[in-house]
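Residue numbers for the sequence shown follow full-length UniProt numbering, so the first one is 1 and each next one is one higher. We treat Cβ as the ideally placed atom computed from N, Cα and C, and that holds for glycine. Since this is a predicted model, take the numbers as computed values, not measurements. Shown next, in structure tokens, is the structure this report addresses.
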Amino acid sequence: MPASRPPGPAPESRGRLPGSLVVLLLLAGLAAWSVLALDPPAPAAADAPATSFSAGRAFAHVEEIASEVHVTGSPAHDRVVDGLVATLGGLGLDTRVQNAVGTWQSGPGAAEMARVRNVVAVLPGTASTGRLFLMAHSDSVETGPGASDDAAGVATLLETVRALTEGEPLRNDVVVVLTDAEEACLCGAEAFTESHPLAAEGGVVLNLEARGTTGPPITFETSRGNAGLAARYAAAVPHPVASSFAVEVYRTLPNDTDFSVLLADGDFTGLNTAFIDGNAAHHTPQDTPARLDRGTLQALGDNTLALTRELGDADLTDLARPGDGDATYFPSPIGLVRHPGSLVWPLAGVAVLGVALLAVVDRRRGSSLPRTLVGTLAALVPLVLAPLAVVGLWRLLVLVRPAYASMLDPWRPGWFRLAAVAVVALVVLAWCALLRRRLGAPALRTGALALLAVLAVVLAALAPGGSYLAVLPALAGVLGGLLPRRVQLLGALLAGAVAVVVLAPTVALFFPALGLAGGAAPAAVATLLALVLLPALEGLFPAGPARLRALAVPGVAVVLAVLLTAVGLAVDRFDQQNPVPSQLVYALEADTGEAWWASTEQQPGEYTSRYVGTPRTLPYDYPYLSGRAVATGPAEVTGLPTSTVEVLDDLSSGGQRTVTVRVTPQRDVRLVVLDLDASGGTVTAARVQAREVPVDALGEDRLWVTFHAPPAEGIEATFAVDGAGPLSLRVVDGSDGLTGLPGFEPRPAGVDAAGTHSSDLVVVGATTDLG
Ligand SMILES: [Zn+2]
Numbered sequence: 001m002p003a004s005r006p007p008g009p010a011p012e013s014r015g016r017l018p019g020s021l022v023v024l025l026l027l028a029g030l031a032a033w034s035v036l037a038l039d040p041p042a043p044a045a046a047d048a049p050a051t052s053f054s055a056g057r058a059f060a061h062v063e064e065i066a067s068e069v070h071v072t073g074s075p076a077h078d079r080v081v082d083g084l085v086a087t088l089g090g091l092g093l094d095t096r097v098q099n100a101v102g103t104w105q106s107g108p109g110a111a112e113m114a115r116v117r118n119v120v121a122v123l124p125g126t127a128s129t130g131r132l133f134l135m136a137h138s139d140s141v142e143t144g145p146g147a148s149d150d151a152a153g154v155a156t157l158l159e160t161v162r163a164l165t166e167g168e169p170l171r172n173d174v175v176v177v178l179t180d181a182e183e184a185c186l187c188g189a190e191a192f193t194e195s196h197p198l199a200a201e202g203g204v205v206l207n208l209e210a211r212g213t214t215g216p217p218i219t220f221e222t223s224r225g226n227a228g229l230a231a232r233y234a235a236a237v238p239h240p241v242a243s244s245f246a247v248e249v250y251r252t253l254p255n256d257t258d259f260s261v262l263l264a265d266g267d268f269t270g271l272n273t274a275f276i277d278g279n280a281a282h283h284t285p286q287d288t289p290a291r292l293d294r295g296t297l298q299a300l301g302d303n304t305l306a307l308t309r310e311l312g313d314a315d316l317t318d319l320a321r322p323g324d325g326d327a328t329y330f331p332s333p334i335g336l337v338r339h340p341g342s343l344v345w346p347l348a349g350v351a352v353l354g355v356a357l358l359a360v361v362d363r364r365r366g367s368s369l370p371r372t373l374v375g376t377l378a379a380l381v382p383l384v385l386a387p388l389a390v391v392g393l394w395r396l397l398v399l400v401r402p403a404y405a406s407m408l409d410p411w412r413p414g415w416f417r418l419a420a421v422a423v424v425a426l427v428v429l430a431w432c433a434l435l436r437r438r439l440g441a442p443a444l445r446t447g448a449l450a451l452l453a454v455l456a457v458v459l460a461a462l463a464p465g466g467s468y469l470a471v472l473p474a475l476a477g478v479l480g481g482l483l484p485r486r487v488q489l490l491g492a493l494l495a496g497a498v499a500v501v502v503l504a505p506t507v508a509l510f511f512p513a514l515g516l517a518g519g520a521a522p523a524a525v526a527t528l529l530a531l532v533l534l535p536a537l538e539g540l541f542p543a544g545p546a547r548l549r550a551l552a553v554p555g556v557a558v559v560l561a562v563l564l565t566a567v568g569l570a571v572d573r574f575d576q577q578n579p580v581p582s583q584l585v586y587a588l589e590a591d592t593g594e595a596w597w598a599s600t601e602q603q604p605g606e607y608t609s610r611y612v613g614t615p616r617t618l619p620y621d622y623p624y625l626s627g628r629a630v631a632t633g634p635a636e637v638t639g640l641p642t643s644t645v646e647v648l649d650d651l652s653s654g655g656q657r658t659v660t661v662r663v664t665p666q667r668d669v670r671l672v673v674l675d676l677d678a679s680g681g682t683v684t685a686a687r688v689q690a691r692e693v694p695v696d697a698l699g700e701d702r703l704w705v706t707f708h709a710p711p712a713e714g715i716e717a718t719f720a721v722d723g724a725g726p727l728s729l730r731v732v733d734g735s736d737g738l739t740g741l742p743g744f745e746p747r748p749a750g751v752d753a754a755g756t757h758s759s760d761l762v763v764v765g766a767t768t769d770l771g
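This is the structure we're talking about:
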């Protein structure tokens, strides 16, 4: 650090406290506006004009669809399918049910399959240039009624189609695809792309999803080369909340929706939209119609209807193919800001040059280049420390409320999110208080901007859609810094305003996206924002060497962080509507007479602990539990009937053996696992319910097929094996609901099933020797 001639406080910061406060207040107002502008509109009533979208009308569909759990293969789901066929048929659409077997997510030795019932309806265009697919999934999880996920999406499409039939016919064919078994394995979407004639030529798809119950619908995923679709979205959509940064983030995540299946098919382009806030209820019994935010439903509907009209009348010839490049875009209070991806590198270059110029100007104003360089390295400190501090805050909350450990977000995370922002402010202000007199305010400011410029370049190379987050605040900061000293507060305001508009919505959307458990990411974005605000914050600090007074500034942030955390803890208490999640499985191995309770909870809560204790890996594989350490405990062996296995055919020729079996569950099950052990031989082919098991699951000496929604009469499977060893088939069937099992006590009020695919699952395994 260049210790000689420590610069005094910049003269322009003297006596600037009132000015600084005004600037900060204006920026706080702008931040509030930017974040509140993301909020969905008020819901339209059921008597809204017939050609517009009404959340009131759509909500009636939600109540109908989500009146009960309607998991794939259940009578409740059949009822939903019948209702969808009646509604779409009643609107005059040619509506059919595609009965098929889908398969997805296969890998060496394992495949997921499902019997599916997709509802497919066509609204013919007047002179179609291609097909526009509107997609949502009709099934719920087994643990909850799925009002948000995805009855809201389905209801949105029903109400959208109704509004379309009231207006002028569109140019293009619109195909409504209400998929099945999305929750189980995305198998409905796979069956559609694999074998439905309407899918053969591909097209443009709009997929509607949910990972929460509230918040703005975010168009978070696109096909590659999205510039054309982004332009249409920007032109048409009344509540645009979409970000090319989200697209980049999602491309790196392992998460999947039906949209993944369509993209993998290669013939589709499109946009994927989901609302994600209120995640605590997702996939749980609390995902009820009452909890669904009707404003969210209105935003989803307004956007979907507008986009359907836009794309329904567009020439889809080019839009249905991946375009040349990805656009950069992000939400702002005055609409979607958008520029071509080709500008990403030039902007990053200009930012780098701009920061270099500012460093030279700083030098002429009394700072030095080495000092600016130290300022750049110093800016890394809060960028690392603030996210760590927010992780620490979450750890602390989990210590106070251990049930948070198995949640992505608490039920009411709002105050905690503000506390996390206060923690970021605390770190940046403390860092600034300690360094500003040593390095000088200009070196800190320009150093921070240099870090942003470097980040802009790194993002341009790795995730170009996210580069704007660093480049625009950096450019604005440079412009603000270059202004003459006497208007430096104005510069601080302008730079801060750009940073706030670009970054505050990102922070607000990042919190629900990753949850407080992943709060490090929004904390990092908030830190970038705070670093650009340094010139505006500078006036808060005393001009003289009053160290104690300087530390009073971060002191205010400490008080805020503590207060906000305390309010959060007081507001977010577990109760009947906002219960502690509890995950519990009953596993029975019928041949050996062993039974266990098992839980995937990291730290089993009070209720779950009645059944399970130490983590271990169970001696047998069960769906959702195999290969992972789970908390287990002894359970009473019950007489639950195992699936019967009947050998229909057994042929051997030339070293290959082909066995056909019928597996028939003897109780009401949701899934059946066929676990074939070829004793060192190789499984070369397999077919289940007349659908070939994907080749990437073959070639091993074991094959594990999870088949969802088996019909009551059972499933027929054929296995071809190279090798002379004996074969054995272990069948595990799975049903939902622990009620009635010996030793099971219903959960008390304030505790309920967790939102996982294995909550309240009853699995029964038994092995049949095929000789
Ligand atoms: Zn879903």
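Taking the alpha carbon of residue i as the point to measure from, which residue in the options has its own alpha carbon closest?
{"i": "V585", "options": "E601, D572, R573", "result": "E601"}
{"i": "residue 776", "options": "T219, D302, N279", "result": "Outside the modelled stretch of the chain, which goes from 1 to 771, sits residue 776, for which no answer is possible."}
{"i": "P43", "options": "V122, T214, D139, P75", "result": "T214"}
{"i": "L27", "options": "E142, V501, D313, L383", "result": "V501"}
{"i": "residue 774", "options": "F268, D180, R232, G153", "result": "Outside the displayed range of the chain (1 to 771) lies residue 774, so it cannot be described from this structure."}
{"i": "E159", "options": "R117, S54, P240, G146", "result": "S54"}
{"i": "R401", "options": "V71, P579, A60, H196", "result": "P579"}
{"i": "A66", "options": "T288, L134, L353, D675", "result": "T288"}
{"i": "V120", "options": "L164, V141, W104, G188", "result": "G188"}
{"i": "residue 803", "options": "T446, T143, W596, S52", "result": "Since the first residue of the chain shown is 1 and the last is 771, residue 803 is not available in this structure."}
{"i": "G725", "options": "V381, G655, T527", "result": "G655"}
{"i": "V350", "options": "T129, V398, E168, P473", "result": "P473"}
{"i": "V732", "options": "A453, R549, F268, V673", "result": "V673"}
{"i": "S679", "options": "A100, G102, R730", "result": "R730"}
{"i": "V659", "options": "V721, W704, T317, R667", "result": "V721"}
{"i": "P41", "options": "A163, L253, Q298", "result": "Q298"}
{"i": "L408", "options": "V457, P742, A513, D180", "result": "A513"}
{"i": "R412", "options": "V424, F511, M113", "result": "F511"}
{"i": "T372", "options": "L444, L537, P346", "result": "L444"}
{"i": "G102", "options": "V457, E692, A499", "result": "E692"}
{"i": "P748", "options": "E700, L36, P581, L343", "result": "P581"}
For residue i and residue j, which I take to be in contact (beta-carbon distance under 8 Å), what is that distance rounded to the nearest angstrom?
{"i": "V261", "j": "T193", "result": "6 Å"}
{"i": "G295", "j": "A419", "result": "About 25 Å; that fails the 8 Å criterion."}
{"i": "E182", "j": "T273", "result": "That pair is no contact at about 15 Å."}
{"i": "A227", "j": "G341", "result": "7 Å"}
{"i": "T718", "j": "A686", "result": "7 Å"}
{"i": "R338", "j": "A147", "result": "With a Cβ gap of about 33 Å, R338 and A147 do not count as contacting."}
{"i": "L170", "j": "G125", "result": "5 Å"}
Should residue i be counted as a contact of ligand 2 given a C-beta to heavy atom distance under 8 Å?
{"i": "V558", "result": "Of the ligands this structure carries, namely ligand 1, none is ligand 2."}
### Query
When a residue counts only if its C-beta is closer than 7 Å to some heavy atom of ligand 1, which residues count, in chain order?
H137, D149, D150, E182, E183, E209, A210, T257
### Query
Which full runs of the alpha helix (DSSP H) of 4+ residues lie inside the region 653 to 698, going along the chain?
none
### Message
What ranges does the alpha helix (DSSP H) occupy inside the region 221 to 273, keeping only unbroken runs of at least 4 residues that lie completely in it?
### Response
227 to 236, 244 to 252, 258 to 265
### Query
Could you give the uninterrupted runs of the alpha helix (DSSP H) lying entirely in the region 109 to 174, keeping only those of 4 residues or more?
153 to 166
#### Entry: Start-end ranges of the alpha helix (DSSP H) lying completely within the region 336 to 379, minimum 4 residues
344 to 364
### Task
Report the residue ranges of all beta strand (DSSP E) runs contained in full by the region 12 to 74; include only those spanning at least 3 residues, in chain order.
none
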